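Chains as they are written, first to last, in the numbering used here: chain A, 1002 to 1352; chain B, 1002 to 1352.
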């Protein structure tokens, strides 16, 4: 999608160099970083220069291709195996990362020599990235008909292209509707504690020229009550087989409020987000993160310097559950690359 | 209530000096300021060194007493009239401020001379402050029975003693229950955009030694779902005659979620908060405040300096409604200094 008028993906490869948008300082600094070694790419994944399931998976795939392109000598298969270990160790709970490493390792294992492995791994890594971008674009096409001309969409957190390779999930239907010429505006929840809505979603929407406003997370119900929200679209970190949806903390509140005001509530996610082995949301563990995320925040000061400040009372602590689970009963539809389905009918998009 | 073991009120008078806790830099700086002139006291009200209906009213009363104590010569009645004008102009929408000025002006008008006016005004201003503190203490006594041993209370924004002269509204039952020896803990919503929960409520609770945790506003529904919240108590800025309640933005979301999870939702407020001339919440105007409150936040940096930072995308704007209205149907009870009543039975506490 566009940044200052120029189209970008979150991550791509040029020669043996992995290039990505360094998301650590967005929206305050837009920087492209060049990762020349597998070690550098591993650091970028581990330290969250890139985040979001799709983008992490693509980066991991590129890292494995990079390992072959930088491989040399008789020991190249050992070098690749070591690189795979290194990448797997970066984000131990990121399923897409493991899938991507496995896919590229499989084509390497089938290759007769280093040169063949380089070609096969590069093609497979590119396919992983392209499939992610394509699936997200299809989510946009499937979801765009839900967005009427003049629609006002509420979203929570960032499920835009920054979390994938391109297009995104929750924002993809918005981008598709806008490119089809329909007027659409977005209300972006700030999404405390990490502020992905105010920081990343707002930045994405500005880049694409979509009219939008940030709100405090507290203001969503009031806007719903006033009739200023036509539909809600959020992303998902994990979908249980019964259609329960784990997503950023606060999603459950928005879903409850949307139901209260009879506003359609949609989840947009690639089918790779569905965990068929997980029967219900009750089985999804909720990560409790560092209380400092709640007690502090960061941004730019008057001089443009990036500063973290302690906002909360210095002698108090915090609870910081990172996700919640929205029950299928509160979800009007799940927008996937294979179409929009009711949460109770997920099997229709299973392959 | 206590600060570092010492009892305080938010505002009080010593001789002709109005003294108050400067709330501008709480929780990061605890400072008592001495206001030697009516002009200084007016500035403190206007620039929100003190905030909250009860505390503003008491300060306005003291300011009028101060005007008589500093009055001199034949023109003292003109000086008092000018002071009344000055105080009224500080916060044009603060009803308690007008009531307090009128009450003190009335006793001054009945006084034969400056000396009599000084005694009468001082007594009346002190009565206004004492009545506020007493009403809040009675709210605590009325509400404390709702808080069982071991109860976990969710609150939103700051409706503690900092908003009044002492005790507070929503937190007063918590303080009373704790002083009665019952174990009680509080979950404090951060309350973006201005963060009064993380800053002021957390600071108050720490001072009184009440166990508490700050949460992102987004986390309330999850904690309710898990059974970690036994009841919700919030304050109110204005209560319509039918029991609809205007309060800090986000209160409506908490009320909707509490109803969804069948958790009791209470509003605590002195009866002076009830606007009998306002039939329903639909007639309460909602102030839209500066978008910068949403786009920025402030706190202390690593060196302990107070810094405001821009958190949101620099090219985005925000919507910032400051209040919402919770319909009477979502409120289990209103805790007043005259007892706990159903929102539909407010007339029972009318005098």
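C-beta atoms are modelled at their ideal positions from N, C-alpha and C, and glycine is treated no differently. Since the model is a prediction, treat every value here as computed from it, not as a measurement.
Taking C-beta pairs closer than 8 angstroms, name the residues in chain B that residue i reaches, listed in chain order.
i: residue 1200(A); result: 1312, 1313 and 1314
i: residue 1011(A); result: What residue 1011(A) touches in chain B: nothing, since even the nearest Cβ is about 17 angstroms away.
i: residue 1318(A); result: 1214 and 1215
Label residue i either buried or exposed according to how many other C-beta atoms from any shown protein chain fall within 10 Å of its C-beta, with 16 as the threshold for buried.
i: residue 1277(A); result: exposed
i: residue 1111(A); result: exposed
i: residue 1033(B); result: exposed
i: residue 1303(B); result: exposed
i: residue 1248(B); result: buried
i: residue 1042(A); result: buried
i: residue 1055(B); result: buried
i: residue 1132(B); result: buried
i: residue 1047(A); result: exposed
i: residue 1238(B); result: buried
i: residue 1116(A); result: exposed
i: residue 1073(A); result: exposed
i: residue 1325(B); result: buried
i: residue 1227(A); result: exposed
i: residue 1037(A); result: exposed
i: residue 1291(B); result: exposed
i: residue 1327(A); result: buried
i: residue 1007(B); result: exposed
Could you name the residues of the same chain whose beta carbon sits closer than 7 angstroms to that of residue i, not counting the 5 residues immediately before and after it, in chain order?
i: residue 1229(A); result: 1153
i: residue 1004(B); result: 1031 and 1208
i: residue 1100(A); result: 1058
i: residue 1204(B); result: 1027 and 1028
i: residue 1053(B); result: 1163, 1164 and 1165
i: residue 1339(B); result: 1272 and 1350
i: residue 1080(A); result: 1068 and 1072
Identify the contact partners of residue i in chain A, using a Cβ-Cβ distance below 7 angstroms as the criterion.
i: residue 1196(B); result: 1312
i: residue 1250(B); result: 1217, 1219, 1220 and 1223
i: residue 1357(B); result: Shown here, chain B extends from 1002 to 1352; a query on residue 1357(B) therefore has no answer.
i: residue 1023(B); result: Simply none; closest approach about 16 angstroms.
i: residue 1277(B); result: What residue 1277(B) touches in chain A: nothing, since even the nearest Cβ is about 24 angstroms away.
i: residue 1322(B); result: 1220 and 1223
i: residue 1075(B); result: Here the premise fails: no neighbours, minimum Cβ distance about 51 angstroms.
Taking the alpha-carbon positions, what's the residue i to residue j distance?
i: residue 1187(B); j: residue 1213(B); result: 5 angstroms
i: residue 1185(A); j: residue 1146(A); result: 12 angstroms
i: residue 1144(B); j: residue 1293(B); result: 37 angstroms
i: residue 1177(A); j: residue 1107(A); result: 35 angstroms
i: residue 1221(B); j: residue 1288(A); result: 16 angstroms
i: residue 1195(A); j: residue 1251(A); result: 12 angstroms
i: residue 1075(B); j: residue 1128(B); result: 28 angstroms
i: residue 1060(B); j: residue 1051(B); result: 8 angstroms
i: residue 1180(B); j: residue 1284(A); result: 41 angstroms
i: residue 1274(B); j: residue 1157(A); result: 34 angstroms
i: residue 1259(B); j: residue 1012(B); result: 35 angstroms
i: residue 1040(A); j: residue 1087(A); result: 8 angstroms
i: residue 1267(B); j: residue 1161(B); result: 15 angstroms
i: residue 1264(A); j: residue 1198(A); result: 20 angstroms
i: residue 1206(B); j: residue 1318(A); result: 12 angstroms
What residues in its chain sit with their C-beta under 6 angstroms from that of residue i, if we drop five residues either side in the sequence?
i: residue 1344(A); result: 1244, 1329, 1332 and 1335
i: residue 1349(B); result: 1342
i: residue 1126(A); result: 1062, 1063, 1066 and 1105
i: residue 1071(A); result: 1017
i: residue 1282(A); result: 1241, 1245 and 1326
i: residue 1183(A); result: 1150
Excluding sequence positions up to five away, which residues of its chain have a Cβ less than 8 angstroms from the Cβ of residue i?
i: residue 1089(B); result: 1098, 1099 and 1102
i: residue 1216(A); result: 1188, 1189, 1190, 1191 and 1224
i: residue 1307(A); result: 1026, 1029, 1030, 1299, 1300 and 1301
Note down, in chain order, every chain B residue with its Cβ under 7 angstroms from the Cβ of residue i.
i: residue 1028(A); result: 1314 and 1315
i: residue 975(A); result: No statement about residue 975(A) is possible, as the shown extent of chain A runs from 1002 to 1352 and does not include it.
i: residue 1239(A); result: Ordered by position in chain B, no residue passes the 7 angstroms Cβ test against residue 1239(A), which lies about 15 angstroms from the chain.
i: residue 1193(A); result: 1191, 1193, 1217, 1218 and 1219
Run down chain A in chain order and give the residues with a C-beta less than 8 angstroms from the C-beta of residue i.
i: residue 1152(B); result: Here the premise fails: no neighbours, minimum Cβ distance about 17 angstroms.
i: residue 1298(B); result: 1298, 1300, 1310 and 1312
Taking residue i as the query, report the chain B residues whose CB atoms sit under 9 angstroms from its CB, ordered along the chain.
i: residue 1232(A); result: Neighbours of residue 1232(A) on chain B: none; closest Cβ ~17 angstroms, over 9 angstroms.
i: residue 1290(A); result: Neighbours of residue 1290(A) on chain B: none; closest Cβ ~10 angstroms, over 9 angstroms.
Open item on the list: Report the start-end ranges of each beta strand (DSSP E) in the segment 1295-1334 of chain B that is 3 residues or longer and not cut off at the edges.
Closed with: DSSP runs (the beta strand (DSSP E)) wholly in the segment 1295-1334 of chain B: 1297-1301, 1307-1311 and 1324-1327.
Open item on the list: In chain order, what are the residue ranges of uninterrupted alpha helix (DSSP H) at least 4 long that sit wholly in the segment 1182-1209 of chain B?
Closed with: Whole alpha helix (DSSP H) segments, 4+ residues: 1203-1209.
TODO: Please specify which runs of the alpha helix (DSSP H), each continuous and at least 4 residues long, are wholly inside the segment 1227-1263 of chain B, giving them in chain order.
DONE: Correct list: 1252-1261.
- [ ] Taking only runs that begin and end inside the segment 1018-1093 of chain B, name each unbroken beta strand (DSSP E) of 3 or more residues, in chain order.
- [x] Listed in chain order, the beta strand (DSSP E) elements of length 3 or more contained wholly in the segment 1018-1093 of chain B are 1018-1022 and 1033-1036.
Task: Contacting positions in the segment 1083-1117 of chain A - beta carbon closer than 8 angstroms to chain C - done: No chain C is present in this structure, whose protein chains are A and B.
Open item on the list: Just to confirm the assignment: which complete alpha helix (DSSP H) runs, minimum length 4, are found wholly within the segment 1138-1164 of chain A?
Closed with: Within the segment 1138-1164 of chain A, no complete alpha helix (DSSP H) run reaches 4 residues.
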